[in-house]
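Following: one structure in structure tokens, then a few remarks.
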Amino acid sequence: MSLECAWEHWCCGDPPGQYGPFRFLQWHDFSDSKKRKRLSHYRCMMMEVQTRAMANFYWYERPTVEQARAMLVNVLPELPISDVTAKNRQRRKQQLKWSSVLQEIRENRRRVNN
Numbered sequence: 001m002s003l004e005c006a007w008e009h010w011c012c013g014d015p016p017g018q019y020g021p022f023r024f025l026q027w028h029d030f031s032d033s034k035k036r037k038r039l040s041h042y043r044c045m046m047m048e049v050q051t052r053a054m055a056n057f058y059w060y061e062r063p064t065v066e067q068a069r070a071m072l073v074n075v076l077p078e079l080p081i082s083d084v085t086a087k088n089r090q091r092r093k094q095q096l097k098w099s100s101v102l103q104e105i106r107e108n109r110r111r112v113n114n
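All residue numbers for the sequence shown refer to full-length UniProt numbering, where the first residue is 1 and numbers rise by one.
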């Protein structure tokens, strides 16, 4: 799932599937530990974006899909994602999967802390 799609689900939910915003999901909503761990990773990534959106006054409490996209567009340049891949290819930040962005952020934290 792309970061943009994941962020929309975090903020707005999935209306066709009749799910509310994913930010309200809890660990006990999932049946096994693998899914709970996935929620933990997902929450970590989304909270990184949400925290930056709130700090810069981009946050809407009940955003529309368009407002959610605008929040992400405003926050995306602030995320510690390198512009090129390990093979020196241009990285398209808008098309990254949320798990790839989380991995980049965690690697950046390790570099900064060491």
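The beta carbon of each residue, even a glycine, is placed where N, CA and C say it ideally should be.
It should be emphasised that the depicted structure is a prediction, and the values quoted were computed from it without experimental measurement.
Helix, strand or coil at residue i according to DSSP, with G and I counted as helix
i     : result
Lys37 : helix
Asp83 : coil
Asp29 : helix
Gln90 : strand
Tyr42 : helix
Start-to-end residues for the alpha helix (DSSP H) that takes in residue i
i     : result
Trp98 : 98 to 113
Gln67 : 65 to 75
Trp59 : Counting along the chain, Trp59 falls outside any alpha helix (DSSP H), and DSSP gives it neither H nor E.
Glu4  : 3 to 12
CA nearest to the CA of residue i, picked from the options
i           : options                      : result
Arg106      : Pro80, Asp14, Arg23, Tyr19   : Pro80
Val49       : Ser33, His28, Arg23          : Arg23
residue 135 : Met1, Arg111, Glu104         : For the chain, the structure presents residues 1 to 114; residue 135 sits outside this window and is missing.
Asn74       : Ser99, Arg52, Tyr19          : Arg52
Gly20       : Lys34, Trp10, Asp29, Met47   : Trp10
Tyr42       : Pro16, Arg110, Trp59, Val101 : Val101
Arg109      : Glu66, Tyr60, Ser82          : Ser82
Leu3        : Lys35, Asp14, Leu72          : Leu72
Whole-Å CB distance - residue i paired with residue j, under 8 Å assumed
i     : j     : result
Leu76 : Lys93 : 6 Å
Environment of residue i [buried if 16+ CB atoms lie within 10 Å]
i           : result
Met45       : buried
Pro63       : buried
Ala55       : exposed
Cys5        : exposed
residue 120 : Nothing about residue 120 can be read from this structure; the chain reaches only from 1 to 114.
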